[in-house]
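Below is one structure; the comments refer to it alone.
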Amino acid sequence: MIRRLIAACVLALAVAAAPSAQTEEVVHTFELRDGQIYLDGRLLPDAVPDGLDLTGFAMAPLEYSGPLAPVLEIDGEAYVLENERLVTMSESSRPGRGVYIMGDVAETEAAPMPEEEVSPIVEAAYMRDVASRDGDLYDRMQEAAAMQTESDALAARIRALPSGPERTRLRGQLRDLLSDLLDLHHEIREGEISVAAQRLDAARQELSDRRDHHDDIVEGRLRELIGGQ
């Protein structure tokens, strides 16, 4: 069995205000090496909870700062680093917060996972994210899935019928159903575009803030790397 790991970041309880000229934003480095968790190059001996085996996983160092905290999604279970220890998302102080993929995907075996196995995992992760941030959009997506199942079943009935009034009636019913389904897909897409636009605006603002405090960030990182001297 191929196990999967995704490195990501999650928003903290409250988005911190933009750093002022007197505030230095500290950039942290999160790493997974040889089954152990490292923060800023320092081993966290108690970070991995009992029963969680990270042997064989590898990932590139993940840098984060401000209102973000690192997350590992391991075989479909999300773990957040809190107080220098990995805890499940449901047990953390950040349940329901949006997760932003920033790291690499690693496998414990060289063989790639078949697409038919990858797609459900990706889809399930996306649906969890939608459910946590927009209940109405999630409900519309669930409705669309039910309508798709209904249309597939109705199409199968039509294909099995000979030409005649019943086939004609069901064909018209299927056309109406497909029209409603297309309208619903358009609504869902509009909702997804709106969310993407909001995230893009937030990312642009964060980049602008970081550029405004470039020197403060560099000085803070410099002191962190050389031990505050």
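Going letter by letter, the sequence shown gives residues -23 to -1, 1 to 206 in mature numbering (1 follows the signal peptide of the UniProt record, and there is no 0). Beta carbons: idealized from backbone N, C-alpha and C, even for Gly. Keep in mind it's a predicted model, so treat the numbers as computed, not measured.
DSSP places residue 55 in the uninterrupted beta strand (DSSP E) bounded by 54 to 59. Contact fails between the region 154 to 164 and the region 183 to 194, because fewer than three Cβ pairs, one in each stretch, are under 8 Å apart.
At a Cβ-Cβ threshold of 8 Å, residue 31 and residue 18 do not count as neighbours. With fewer than 16 neighbouring CB atoms inside 10 Å of its own CB, residue 171 falls in the exposed class.
According to DSSP, residue pairing for residue 19 in a beta bridge involves 16. In the DSSP assignment, residue 4 falls within the beta strand (DSSP E) that extends over 4 to 10. Straight across, the Cα-Cα distance linking residue 15 with residue 61 is about 9 Å.
Its chain contains 14, 24, 25, 26, 29, 49, 56 and 57 as the residues whose beta carbon lies nearer than 8 Å to that of residue 63, once the 5 sequence neighbours on both sides are disregarded; these appear in chain order. Counting C-beta atoms within 10 angstroms of its own C-beta, residue 185 has fewer than 16 neighbours from the protein chains shown and is therefore classed as exposed. When the five nearest sequence neighbours on each side are left out, the beta carbons in the same chain lying within less than 8 Å of the beta carbon of residue 201 are those of 3, 4 and 17, in order along the chain.
Contact check for residue 134 against residue 147 passes: the beta carbons are separated by less than 8 Å. Following the DSSP letters along the chain, one finds residue 158 inside the alpha helix (DSSP H) bounded by residues 142 to 189.
Ranked by Cα distance from residue 131, the options 150, 69 and 169 are led by 150. Burial check for residue 46: the Cβ neighbour count within 10 Å reaches 16 or more, so the residue is buried.
Contact check for residue 59 and residue 6: beta-carbon distance about 17 Å, past the 8 Å limit, so the pair fails to qualify.
Rounded to whole angstroms, the gap between the alpha carbons of residue 120 and residue 66 is 27 Å. Within the model, the alpha-carbon separation for residue 175 versus residue 142 is close to 50 Å. Taking all protein chains in view, the Cβ of residue 177 is surrounded by fewer than 16 other Cβ atoms within 10 Å, so the residue is classified as exposed. Setting aside the 5 residues that flank it on each side, residue 128 is surrounded in the same chain by 151, 154, 155 and 158, each with a C-beta closer than 7 Å to its C-beta; the list follows chain order.
Each residue's CA atom was taken as its position, placing residue 52 and residue 126 some 28 Å apart.
In chain order, 115 place their CB closer than 6 Å to the CB of residue 108, counting only its own chain and leaving out the 5 sequence neighbours on each side.
Rounded to whole angstroms, the separation of the alpha carbons of residue 117 and residue 104 is 12 Å.
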